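K.L.:
Supplied in structure tokens, the structure appears directly below.
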């Protein structure tokens with residue numbers, strides 16, 4: 001009996017793989033294991049992990065991040081940048097392209113599936129932890145130079161659509177097949193409508209670094225939640241966004257349009273304390289990361305697995321629904337048609353979880369890249 005879906009019980013299922021793809025999924029009675037099988041999770045918004053940052057601009061940092069991600073059930077990711085000088089951004093992008101070109105078949109690491117460019121075209125009033133001196137006015141020549149470096153490896157660009165001159169940037173990237181996301185923005189209803197017509201397809205870390213849901217002047221989240229074509233990222237840790245607002249987003253958006261992201265910083269996985277990471281002094285307190293001076297949130301200290309646990313164990317969302325946001329939708333949102341589901345013909349990227357949603361083992365292309373020690 002063939003089974004296809006995104007959540008399977010290992011007790012009754014056998015998955016056969018060949019040449020990195022799932023060849024068959026069948027019932028097998030009598031198995032004693034009670035682990036849960038999910039598709040490999042895909043983090044489309046992640047800045048760093050365990051002391052390393054994608055803005056470090058060196059291959060060893062990227063390898064360090066990728067090797068640690070598989071321990072948390074993440075099999076693919078978009079390396080995410082932030083607002084810096086255009087020269088540094090270009091340097092980082094070149095290094096990311098170089099890293100992607102290296103043969104990683106023998107490495108026990110998550111796959112870099114592309115790049116998410118967050119900044120430098122943001123609204124300075126909603127910059128969050130982004131450095132104001134590096135937020136830049138949109139220039140089409142800069143967009144063209146960036147795409148000349150990355151090519152199709154550039155999957156998502158986050159920008160503030162209401163900023164004057166941004167329409168040229170939006171249209172350029174959409175013509176190249178890049179997904180354009182509204183973030184760090186003061187856009188309201190009319191600005192969203194115009195940006196959607198220009199090609200906006202996504203909202204970056206919903207509710208964070210944007211105008212709120214004012215009853216007379218609602219920010220971008222009001223029309224975004226009501227537009228069934230727009231993907232909405234969410235950092236589901238109960239800190240960045242109140243649990244009630246997370247519930248509202250989940251209830252309002254179609255299941256296939258919600259994307260879980262970690263927005264993980266280099267402080268994720270480190271002990272609580274003060275660190276100088278990614279060019280900034282950060283204070284890590286449990287799941288929260290702040291700029292050393294003030295209370296500005298500077299990314300998160302969670303993994304995608306933490307978000308899955310929070311939604312399931314704290315908000316009591318069904319796991320099969322959560323996995324759409326952690327695996328299926330991230331893949332579809334960046335036009336990957338062979339990942340994100342446990343389906344015949346798809347890449348054999350699967351994760352075995354125990355009943356407490358801890359990772360038992362991670363497979364990429366059918367290869368065991370992580371096995372939890374007993």
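Numbering (the working numbering), first residue to last: 1 to 374.
For glycine and all other residues, C-beta sits at the position ideal for the given N, C-alpha and C.
Remember, it's a predicted structure, so these values are computed and weren't measured experimentally.
On the CB-based measure, 16 or more other CB atoms within 10 Å of its CB, does residue 42 come out buried or exposed?
P.N.:
buried
K.L.:
Please check the pair residue 111 and residue 75, which I expect to be a contact at CB under 8 Å, by giving their CB distance rounded to whole angstroms.
P.N.:
6 Å
K.L.:
Relative to the alpha-carbon of residue 56, which residue among 177, 133 and 279 has its alpha-carbon at the smallest distance?
P.N.:
279
K.L.:
Return the Cβ separation of residue 185 and residue 231 in integer angstroms, given the expectation that the two are a contact with Cβ distance under 8 Å.
P.N.:
Actually they are not in contact, since the Cβ atoms of residue 185 and residue 231 sit about 15 Å apart, beyond 8 Å.
K.L.:
Please confirm if the region 316-331 is in contact with the region 63-72, defined as three or more CB-CB distances below 8 Å between the two stretches.
P.N.:
The count of Cβ pairs closer than 8 Å, one atom from the region 316-331 and one from the region 63-72, stays below three, leaving the stretches out of contact.
K.L.:
Return helix, strand or coil for residue 354, following the three-state DSSP convention.
P.N.:
coil
K.L.:
Fully enclosed by the region 281-333, which alpha helix (DSSP H) runs are 4 residues long or longer?
P.N.:
Entirely contained in the region 281-333, the alpha helix (DSSP H) runs reaching 4 residues are, in chain order, 304-309, 319-323 and 329-333.
K.L.:
Are there 16 or more other CB atoms within 10 angstroms of the CB of residue 371, so buried, or fewer, so exposed?
P.N.:
exposed
K.L.:
Taking the alpha helix (DSSP H) that residue 171 belongs to, which residues open and close that run?
P.N.:
166-175
K.L.:
Check whether the Cβ of residue 268 lies closer than 7 Å to any heavy atom of the ligand NAD, and answer yes or no.
P.N.:
No copy of the ligand NAD occurs in the structure displayed, which carries no ligand at all.
K.L.:
What is the DSSP secondary structure of residue 138, reduced to helix, strand or coil?
P.N.:
coil
K.L.:
Counting along the chain, where does the alpha helix (DSSP H) carrying residue 178 start and finish?
P.N.:
Where residue 178 is concerned, there is no enclosing alpha helix (DSSP H), given that its DSSP letter is neither H nor E.
K.L.:
If you run the structure through DSSP and keep just helix, strand and coil, what is residue 157?
P.N.:
It is a strand residue.
K.L.:
Roughly how many whole angstroms lie between the Cα atoms of residue 124 and residue 238?
P.N.:
25 Å
K.L.:
Relative to the C-alpha of residue 193, which candidate in 35, 306 and 223 has its C-alpha closest?
P.N.:
Nearest neighbour of residue 193 by Cα position, chosen from 35, 306 and 223, turns out to be 223.
K.L.:
Here's a check: name, in chain order, each residue in its chain whose Cβ is nearer than 8 Å to the Cβ of residue 142, leaving out the five neighbours to either side.
P.N.:
86 and 136
K.L.:
For residue 208 and residue 335, what's the separation of their Cα atoms in angstroms?
P.N.:
25 Å
K.L.:
First and last residue of the alpha helix (DSSP H) that includes residue 370?
P.N.:
Looking at the DSSP string, residue 370 is not in any alpha helix (DSSP H); the run it does join, the beta strand (DSSP E), is 367-371.
K.L.:
With DSSP collapsed to three states, give me the class of residue 2.
P.N.:
With a pLDDT of only 35 at residue 2, under the threshold of 50, the placement of this residue in the model should not be trusted; the figure read from the coordinates follows. DSSP places residue 2 in strand when its eight states are reduced to three.
K.L.:
Does DSSP put residue 126 in a helix, in a strand, or in coil?
P.N.:
Reduced to three states, the DSSP call for residue 126 is helix.
K.L.:
Can you give, in chain order, each stretch of the beta strand (DSSP E) that sits fully within the region 189-219 and has at least 3 residues?
P.N.:
Within the region 189-219, the complete beta strand (DSSP E) runs of at least 3 residues are 200-203.
K.L.:
Go to residue 41, then tell me how far its beta strand (DSSP E) extends in each direction, as first and last residue.
P.N.:
41-46
K.L.:
Using CA coordinates, which residue listed in 282, 299 and 257 is at the minimum distance from residue 332?
P.N.:
257
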